[in-house]
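One structure is given below, encoded as structure tokens.
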């Protein structure tokens, strides 16, 4: 199995990820395995480097507006990510919010029990009231990861904070999100993953300022994975707004004025492709490595199905932007033996049992990306019959 850290820290190639959330707390081990298997079976024909497993928090302090989708406590992201890894043969990036008094103990389980290599450290939602802080500060959390584990970590990148309006609301003369990236980079962050992108303007501005600041300081920019999510309903659009995602009014109207959910999600896919095209064009001279992540933030079928189409279109654009020749093919990979039912307790809120990843292996076809440092490199994805994968070479003439 490829080390996801190698992909995320390799500036010579893009990284491609799909995001997923754990099942609800209280889900039985058998049901969790069924959910995981269904997700893996749907996603294995997508040529990804790995999966993001999110840590979903209530975030009551995020907004005074009601949460469009009611919060439900989910199982531990580290335990479920281990199940996804064992079932798919693909590595995972585990999100972890710092609002946890057991943060250090969680790190030990993540590394030593579940065997993960990469996490994304996420700050708590901005407090709008006098709320007692739970868990370490962001700086403390990054120091704990660095000093008390062997885990590689990244952080979140929020382009909406890199606007003049946001800067002025915080008493600053100019946007400063690029300085946050540099601070986290200095603390050990090896990559950044954005929240959902719908407005390309702040993202372009952030990438430009980050690249310039790195050049000024003699630093190599870290990879920034841009996240995209399709929308088919007004409720999902409202949820993105609640999460702090900036959607231009004309973009919002262009999507929601469509008559059916399928037409709306198709329009969102088109506009997100246009959004990425703009970002790639405006930042092509920068030396900031780019990656792509696609997720659905709802349980609506149209949006879940659109993740695959959107991923394929965005991936093609990123690869085409390299001006290199590429194609896709499938390969067979060896999976670790899946955990027995007795070991499926890893998905519970406080996992204690270790997933078996010994040398006993079963053969399977599954997604696998391997971009090699040769004139020709291969992005491979497993499929039983059809060949879809990547070979990088010289530009077509």
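Residue numbers (full-length UniProt numbering): 1 to 397. Backbone N, C-alpha and C define an ideal beta-carbon position, used for all residues, glycine too. All of these numbers come straight from a predicted model, not from anything done at the bench.
Measure the CB-CB distance between residue i and residue j and report whether it falls below 8 angstroms.
| i | j | result |
| --- | --- | --- |
| residue 3 | residue 91 | yes |
| residue 277 | residue 317 | yes |
| residue 213 | residue 162 | no |
| residue 290 | residue 47 | no |
| residue 219 | residue 234 | no |
| residue 18 | residue 225 | no |
| residue 20 | residue 56 | no |
| residue 227 | residue 296 | no |
| residue 40 | residue 118 | no |
Taking just the CA atoms, how far does residue j sit from residue i?
| i | j | result |
| --- | --- | --- |
| residue 74 | residue 189 | 26 angstroms |
| residue 134 | residue 100 | 6 angstroms |
| residue 192 | residue 96 | 14 angstroms |
| residue 88 | residue 82 | 10 angstroms |
| residue 185 | residue 265 | 36 angstroms |
| residue 49 | residue 16 | 5 angstroms |
| residue 164 | residue 330 | 46 angstroms |
| residue 145 | residue 151 | 7 angstroms |
| residue 22 | residue 115 | 17 angstroms |
| residue 26 | residue 80 | 13 angstroms |
| residue 176 | residue 167 | 7 angstroms |
| residue 42 | residue 36 | 10 angstroms |
| residue 327 | residue 258 | 34 angstroms |
| residue 187 | residue 171 | 25 angstroms |
| residue 105 | residue 253 | 46 angstroms |
| residue 7 | residue 280 | 20 angstroms |
| residue 307 | residue 248 | 21 angstroms |
| residue 33 | residue 94 | 18 angstroms |
| residue 208 | residue 305 | 33 angstroms |
| residue 143 | residue 38 | 37 angstroms |
Looking only at its chain, what residues have a beta carbon closer than 6 angstroms to the beta carbon of residue i, apart from the 5 residues adjacent to it on each side?
| i | result |
| --- | --- |
| residue 9 | 190 |
| residue 358 | With a pLDDT of 35 at residue 358, under the threshold of 50, the modelled position of this residue cannot be trusted; read the value that follows with caution. Within the same chain, residue 358 has no close Cβ partners at all. |
| residue 107 | 149 |
| residue 136 | 98 and 103 |
| residue 203 | 159, 197 and 279 |
| residue 260 | none |
I'd like the list of long-range same chain contacts for residue i, defined as Cβ closer than 7 angstroms, with 5 residues on each side in sequence excluded.
| i | result |
| --- | --- |
| residue 274 | none |
| residue 181 | 157, 192 and 210 |
| residue 309 | 269 |
| residue 138 | 98 and 123 |
| residue 349 | Confidence is the limiting factor: at residue 349 the pLDDT is only 42, short of 50, which leaves the residue's position unreliable, though a coordinate-based value still follows. 25, 75 and 76, listed in sequence order. |
| residue 85 | 91 and 92 |
| residue 141 | 98, 103 and 121 |
Taking C-alpha atoms, which residue in the options lies nearest to residue i?
| i | options | result |
| --- | --- | --- |
| residue 221 | 211, 227 and 158 | 211 |
| residue 148 | 174, 122, 33 and 112 | 112 |
| residue 200 | 223, 159, 179 and 178 | 159 |
| residue 250 | 198, 262, 261 and 120 | 198 |
| residue 292 | 252, 202, 51 and 172 | 51 |
| residue 244 | 140, 117, 30 and 196 | 196 |
| residue 194 | 143, 187, 40 and 246 | 246 |
| residue 121 | 143, 153 and 33 | 153 |
| residue 11 | 301, 307 and 288 | 288 |
| residue 215 | 203, 31, 202 and 178 | 178 |
| residue 155 | 260, 38 and 223 | 223 |
What residues in its chain sit with their C-beta under 8 angstroms from that of residue i, if we drop five residues either side in the sequence?
| i | result |
| --- | --- |
| residue 24 | 72, 73, 74 and 75 |
| residue 231 | 237, 240, 255, 264, 265, 268 and 303 |
| residue 299 | none |
| residue 217 | 182 |
| residue 262 | 232 and 302 |
| residue 31 | 23 |
| residue 174 | 164 and 167 |
Would you say the beta carbon of residue i is closer than 7 angstroms to some non-hydrogen atom of the ligand MG?
| i | result |
| --- | --- |
| residue 158 | Judged by which ligands are present, the structure shown has none, so any question about the ligand MG falls away. |
Stretch-stretch touch, CB-based, cutoff 8 angstroms, three pairs: the segment 278-290 with the segment 316-325: yes
Three CB pairs or more closer than 8 angstroms across the segment 264-278 and the segment 305-314: yes
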